[in-house]
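In this note's numbering, the protein residues as written are 4 to 249.
Every residue, glycine too, gets a C-beta built ideally from N, C-alpha and C.
To keep things clear, I will list the structure first and then write my remarks on it.
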Amino acid sequence: MNLDFTDKTVIITGGTRGIGAAIAQVFLKAGAQLLVTGTKDGNPKIQGLSDNNNIRYHQLDFSSDDSVNKFLDTVQKLKKIDVLINNAGVNKIESISNISSKDWDWINTINLKGPFLLTRAVSETMKKQNSGKIINVASIFGVISKEKRAAYSSTKWGLIGFTKAAALDMACFNVQVNAVSPGFVDTELTRKILGRKEIKSLTERIPQGRLAKPEEIANVVLFLCSDQNTYITGQNIVVDGGFTSV
């Protein structure tokens with residue numbers, strides 16, 4: 004299957020590491036022109052990517068109104084936008100009785116308000132084009148949950164709901180909006196948070212017996228954003244090795 008993104012403009016938030024960087028890699032290989040965001044100033048080295056003329060970096064911090072407004076201004080000046088991937092996200096592992104209102108608001112701002120603001124801005128361009136793909140990177144914790152994940156699960160559940168509603172708003176404009184919910188993915192951050200002992204215990208509960216590779220999530224995103232997908236919209240695609248099926 005040839006997934007060709009030559010001359011297509013793709014926006015990826017949180018694209019400097021982990022799943023976001025893997026998504027950037029597969030789109031670059033497919034010929035896309037990328038606009039990748041991260042929270043750092045300057046032009047940080049993007050994980051796994053060498054210098055490439057087809058990739059531009061923009062600083063974007065959803066907790067800063069100034070940063071958001073600057074980026075939205077950049078987005079609105081683009082002549083065309085073929086794909087938006089809302090991947091940026093944060094987490095705070097804390098019980099419902101201990102999580103602060105400040106952290107609750109922070110997680111909601113990054114994980115839910117951010118995708119809303121970008122989707123709203125990008126939708127205007129896609130409506131004029133009568134084409135486009137939008138992917139919201141959610142989580143299996145938007146399908147199931149776990150202790151100390153109240154804030155995170157709330158945002159991911161909300162993001163899946165937002166995906167379905169946005170898909171209905173955009174369907175008549177030939178724009179497909181979907182969510183991809185990764186399970187446990189073998190990234191540097193996952194290994195740092197969980198540690199070897201918990202990862203070993205976790206893999207024993209995953210039917211496929213291992214964590215996902217970041218590129219396995221990225222390949223699903225690539226397909227959903229390709230010309231091969233013309234009729235899948237408003238869906239949440241769970242990529243978890245069977246974990247939520249047990």
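So residue i and residue j are in contact, right, with Cβ under 8 angstroms, and what is the actual spacing, rounded?
| i | j | result |
| --- | --- | --- |
| Thr-40 | Phe-74 | 7 angstroms |
| Ala-141 | Ser-184 | 4 angstroms |
| Ile-138 | Ile-88 | 5 angstroms |
| Gly-135 | Asn-90 | Not confirmed; about 17 angstroms, so no contact. |
| Leu-162 | Leu-115 | 6 angstroms |
| Val-242 | Pro-210 | The Cβ separation is near 13 angstroms, so there is no contact. |
| Asn-177 | Asn-133 | 5 angstroms |
What number of angstroms, rounded off, separates the C-alpha of residue i from the C-alpha of residue j?
| i | j | result |
| --- | --- | --- |
| Tyr-234 | Asn-101 | 43 angstroms |
| Lys-159 | Ser-204 | 24 angstroms |
| Asn-232 | Phe-226 | 7 angstroms |
| Asp-44 | Ala-215 | 30 angstroms |
| Lys-80 | Ala-35 | 18 angstroms |
| Asp-7 | Ser-156 | 34 angstroms |
| Ala-168 | Cys-175 | 13 angstroms |
| Val-13 | Lys-130 | 16 angstroms |
| Glu-207 | Ile-196 | 18 angstroms |
| Gly-92 | Leu-37 | 19 angstroms |
| Gly-212 | Thr-16 | 30 angstroms |
| His-61 | Leu-121 | 14 angstroms |
| Val-78 | Ser-70 | 12 angstroms |
| Ile-49 | Asn-55 | 11 angstroms |
| Met-173 | Thr-190 | 33 angstroms |
| Asp-230 | Ile-202 | 37 angstroms |
| Arg-199 | Glu-150 | 20 angstroms |
For a test of the three-state rule: what should DSSP assign to residue i, helix, strand or coil?
| i | result |
| --- | --- |
| Gly-41 | strand |
| Arg-59 | strand |
| Val-1 | One cannot answer for residue 1 here, as it falls past the ends of the chain, which runs 4 to 249. |
| Asn-46 | coil |
| Ile-14 | strand |
| Ile-235 | coil |
| Ala-25 | helix |
| Gln-36 | strand |
| Ile-240 | strand |
Quick one, which of the options has its alpha-carbon nearest residue i's?
| i | options | result |
| --- | --- | --- |
| Val-23 | Val-188, Tyr-155, Val-146 and Asn-46 | The amino acid occupying residue 23 in the given sequence is Gly; Val does not appear at that position. With distances taken between Cα atoms, Gly-23 lies closest to Val-188. |
| Asn-5 | Ala-33, Gly-186, Gly-18 and Ile-14 | Ala-33 |
| Ser-98 | Ala-154, Val-146 and Gly-198 | Ala-154 |
| Thr-247 | Thr-12, Gly-145 and Arg-59 | Gly-145 |
| Ile-240 | Ile-113, Val-180, Asp-10 and Phe-30 | Val-180 |
| Ile-220 | Thr-122, Gly-186, Arg-152 and Val-71 | Gly-186 |
| Val-224 | Asn-72, Ala-25, Arg-213 and Gly-117 | Ala-25 |
| Ser-66 | Lys-149, Glu-191 and Trp-107 | Trp-107 |
| Val-29 | Ile-58, Asn-46 and Lys-48 | Ile-58 |
| Gly-237 | Asn-222, Gly-198, Ala-182 and Ile-209 | Ala-182 |
| Gly-244 | Ile-143, Thr-190 and Ser-148 | Ile-143 |
| Gly-21 | Pro-217, Cys-228, Ser-229 and Asp-230 | Pro-217 |
| Asp-64 | Asn-72, Thr-42 and Lys-200 | Thr-42 |
| Ser-148 | Ala-170, Asn-72 and Ile-96 | Ile-96 |
| Asp-68 | Gly-117, Gly-198, Asn-46 and Ser-126 | Gly-117 |
Every unbroken alpha helix (DSSP H) within the region 130-193, with a cutoff of 4 residues, ordered by chain: 153-173
Every unbroken alpha helix (DSSP H) inside the region 82-130 [4 residues or more]: 104-111
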